[in-house]
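S.K.: I have a structure I would like to understand better, so I am pasting it below and will then ask my questions one at a time.
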Ligand code: 5GW
Ligand code: MN
């Protein structure tokens with residue numbers, strides 16, 4: 035009897051152990067695929083260290099709670115804007131004036147106590163744009179919400195002191211100056227990545243990265259929130275994609291083939307959840323550096339890399355050109371309001387080596 039039992043036990047062990055081992059292998063295999071499925075291809079820096087950062091999972095984006103007391107206009111599914119497209123083929127909203135209710139949106143997001151970081155670079159003579167940028171941001175950018183503006187500059191003394199509403203603050207981050215735009219441009223993504231890793235993680239929910247040579251003219255608020263947010267460039271949205279100024283050399287990591295592309299997005303404004311923008315900044319920087327090693331500079335520097343990234347990693351919210359117009363461009367009829375616009379600048383005056 036006892037001999038039989040012993041036999042049984044050792045046989046059981048002989049069967050169970052390999053099964054457990056197999057299950058373990060299967061689990062790690064499935065987990066790896068699941069993880070790659072949700073996080074996509076991991077971008078690892080050249081030193082081999084993992085670039086992944088831990089973020090508290092932001093749940094509120096997925097759960098929208100409206101106030102029981104707010105009264106607002108009845109929504110319709112048969113009436114609305116017909117002069118513009120308001121959804122992408124992958125079903126991300128395209129935000130135009132008249133497609134959303136700002137009071138309703140604010141009432142949903144205000145109780146969530148969200149905070150928004152904004153980065154802006156003012157290197158060299160570009161500090162002269164800061165005053166208007168910061169003052170108009172106070173009037174139009176996420177008014178009534180927690181906003182933290184980070185100004186990256188080599189001339190901290192030239193940062194204009196702007197009176198900010200309570201809950202809003204400004205931090206000046208000193209950076210070395212440079213005469214080479216390529217360097218400033220490459221460093222932008224790197225600094226955004228580092229800022230998220232070192233300062234924002236677990237303190238902020240969303241981040242927007244904006245050009246300084248621009249002003250706010252209208253509301254830019256909760257309607258712009260999304261996991262990954264891109265702005266459609268005002269200059270190309272009526273053109274065939276073969277004419278978009280993507281990087282067209284296959285040797286570049288920013289390459290987009292002539293028959294590919296969704297929209298041409300702005301390098302001057304993008305944003306989203308911290309972890310999404312972190313991934314974008316890390317990928318663009320890594321690709322930028324890989325190109326540089328081969329002596330390639332993409333057609334429109336990080337804008338080209340951003341466009342390549344957004345082609346593969348589809349934005350979950352797309353902002354119409356209302357969100358980055360250009361002052362020299364006459365307003366098209368479908369643009370009912372210009373919210374943010376690049377000022378006219380004298381290149382010879384502000385850019386180094388031009
Ligand atoms: C830009 C072009 C050539 C050389 C230097 C610069 C430059 C850009 C600079 O000297 N300092 C600087 O802070 N920038 C930052 O990059 C600004 O935030 C600027 O808004 C952003 C993008 O450059 P822009 O605005 O001149 O590019 P466009 O395509 O909007 O005209
Ligand atoms: Mn600009």
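Residue numbers (the numbering used here): 35 to 388.
Note that CB positions come from ideal geometry on N, CA and C, so glycine has one too.
All of these numbers come straight from a predicted model, not from anything done at the bench.
Which residue spans inside the segment 294 to 324 form an unbroken beta strand (DSSP E) run of at least 3?
M.R.: Those beta strand (DSSP E) runs which fall completely within the segment 294 to 324 and span 3+ residues are 299 to 307.
S.K.: Going straight from the alpha carbon of residue 386 to that of residue 346, what length do you get?
M.R.: Rounded to the nearest angstrom, the two C-alpha atoms are 34 Å apart.
S.K.: Excluding the 5 residues preceding and the 5 following residue 46 in the sequence, name in chain order all residues of the same chain whose CB lies nearer than 7 Å to its CB.
M.R.: No residues qualify anywhere along the chain.
S.K.: With H, G and I counted as helix, E and B as strand and the rest as coil, what does DSSP make of residue 258?
M.R.: Here residue 258 sits in helix by DSSP.
S.K.: Compare the Cα-Cα distances from residue 368 to each of 349, 119 and 252 and report the closest residue.
M.R.: It is 119 whose Cα lies nearest to the Cα of residue 368.
S.K.: Should the segment 121 to 132 be called in touch with the segment 200 to 215, which here means at least 3 C-beta pairs below 8 Å?
M.R.: Contact between the segment 121 to 132 and the segment 200 to 215 is absent, because fewer than three Cβ pairs lie under 8 Å.
S.K.: Within a Cβ cutoff of 7 Å, which residues of the same chain sit near residue 82, ignoring the five residues on either side of it in sequence?
M.R.: Interpretation of residue 82 is limited by its pLDDT of 36, a score under 50 that renders its predicted location unreliable; the figure taken from the coordinates is listed afterwards. Correct list: empty, nothing qualifies.
S.K.: Please return the same chain residues whose Cβ sits closer than 6 Å to the Cβ of residue 275, not counting the five positions on each side in sequence.
M.R.: 295, listed in sequence order.
S.K.: Quick check on residue 384: does DSSP put it in helix, strand or coil?
M.R.: Helix.
S.K.: Considering only residues of the same chain and omitting the five flanking positions on each side of residue 328, which have a CB-CB separation below 7 Å?
M.R.: Once the five neighbours on either side are set aside, the close Cβ partners of residue 328 are 285.
S.K.: Determine whether the beta carbon atoms of residue 317 and residue 243 lie at a separation below 7 Å.
M.R.: No, the pair does not count as a contact, with Cβ atoms beyond the cut-off.
S.K.: Alpha carbon to alpha carbon, how far is residue 250 from residue 173? Give it in angstroms, no decimals.
M.R.: Each residue's alpha carbon lies about 8 Å from the other.
S.K.: Please state if the CB of residue 271 and the CB of residue 150 are separated by a distance shorter than 7 Å.
M.R.: Not closer than 7 Å, so no.
S.K.: Determine the direct distance from the alpha carbon of residue 283 to that of residue 365, and round the result to whole angstroms.
M.R.: Taking the straight line joining both Cα atoms gives about 33 Å.
S.K.: Look at the Cβ atom of residue 248, then the Cβ atom of residue 336, and state whether they are nearer than 7 Å.
M.R.: Not a contact, by the Cβ cut-off of 7 Å.
S.K.: Nearer than 6 Å: is that true of the beta carbon of residue 269 relative to any heavy atom of the ligand 5GW?
M.R.: No, Cβ of residue 269 sits at least 6 Å from all heavy atoms of the ligand 5GW.
S.K.: Would you mind working out which of 322, 289, 361 and 235 sits nearest residue 311, comparing C-alpha positions?
M.R.: If we check each option's Cα against that of residue 311, 235 comes out closest.
S.K.: What is the chain-ordered set of residues for which the beta carbon lies under 7 Å from any non-hydrogen atom of the ligand MN?
M.R.: The answer, residue by residue, is 245, 247, 248, 302 and 376.
S.K.: Under the rule that 16 or more other beta-carbon atoms within 10 Å means buried, what is residue 362, buried or exposed?
M.R.: By the 10 Å Cβ count, residue 362 comes out exposed.
S.K.: Could you pull the DSSP bridge partners for residue 182 from this structure?
M.R.: Looking at the DSSP assignment, residue 182 forms a beta bridge with 151 and 203.
S.K.: Can you tell me the Cα-Cα spacing of residue 144 and residue 176, whole angstroms?
M.R.: The straight-line gap from Cα to Cα measures roughly 11 Å.
S.K.: Looking at the structure shown, is residue 353 part of a helix, part of a strand, or coil, going by DSSP?
M.R.: Strand, per DSSP.
S.K.: Kindly indicate which residue of 303, 273 and 98 has the alpha-carbon position closest to the one of residue 373.
M.R.: Taking only the C-alpha atoms, the option nearest residue 373 is 303.
S.K.: Return the chain-ordered list of same chain residues with a C-beta closer than 6 Å to the C-beta of residue 262, the five sequence neighbours on each side being excluded.
M.R.: Excluding positions up to five away in sequence, the list reads 306, 310, 349 and 350.
S.K.: Whole angstroms are fine: how far does the CA of residue 60 sit from the CA of residue 339?
M.R.: Cα to Cα, the separation comes out at about 36 Å.
S.K.: Note down the Cα distance separating residue 132 from residue 354, rounded to an integer number of angstroms.
M.R.: Rounded to the nearest angstrom, the two C-alpha atoms are 12 Å apart.
S.K.: For residue 315, which option in 293, 356, 278 and 230 has the closest C-alpha, if you only look at C-alpha atoms?
M.R.: Per the Cα distances, 230.
S.K.: Got a sec? Which residues, its chain only, sit under 8 Å from residue 104 by beta carbon, not counting five neighbours each side?
M.R.: If we look at residue 104 and ignore the five residues flanking it on each side, its Cβ neighbours are 137, 138 and 141.
S.K.: If you draw a straight line from the C-alpha of residue 290 to the C-alpha of residue 269, how long is it?
M.R.: Spanning the two alpha carbons is a distance of roughly 18 Å.
S.K.: Using the Cβ count rule (16 or more neighbours within 10 Å means buried), how would you classify residue 226?
M.R.: It is buried - the Cβ of residue 226 has at least 16 other Cβ atoms within 10 Å.
S.K.: For residue 378 and residue 101, what's the separation of their Cα atoms in angstroms?
M.R.: If I take the Cα positions, the gap works out to 42 Å.
S.K.: Please confirm whether residue 31 and residue 246 have their CB atoms less than 7 Å apart.
M.R.: Since the displayed the chain opens at 35 and closes at 388, residue 31 lies outside it and no answer follows.
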